[in-house]
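One structure is given below, encoded as structure tokens.
Numbering (UniProt numbering), first residue to last: 1 to 84.
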């Protein structure tokens, strides 16, 4: 049971960290990179594909961690009900 709670805490930390990184990445892109690319007229498809790939990766990772967290919480609830 203790292992499950530790795993749940680890996944919550990973989810918060990934969410923070995703927000930081978006802020960085919209404040620095986009401005620089537009001013220098170097706006290429490759840059957009790279950013979209990273955003997709973070969204996928966050949703997977949320799903795993929900499954662990459900298992903990069932385990607690059985021990009553």
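For glycine and all other residues, C-beta sits at the position ideal for the given N, C-alpha and C.
- Residues of the same chain with a CB within less than 8 Å of the CB of residue 76, apart from the 5 flanking positions on each side, are 1, 4, 5, 8 in chain order.
- Judged by DSSP secondary structure, residue 30 falls outside any alpha helix (DSSP H); it is assigned neither H nor E.
- Looking at the backbone, the Cα of residue 72 and that of residue 11 are separated by about 10 Å.
- Burial is judged here by how many other beta carbons sit within 10 angstroms of a residue's own beta carbon; residue 66 has fewer than 16 and is exposed.
- For residue 29 and residue 57, the gap between their C-alpha atoms comes out near 16 Å.
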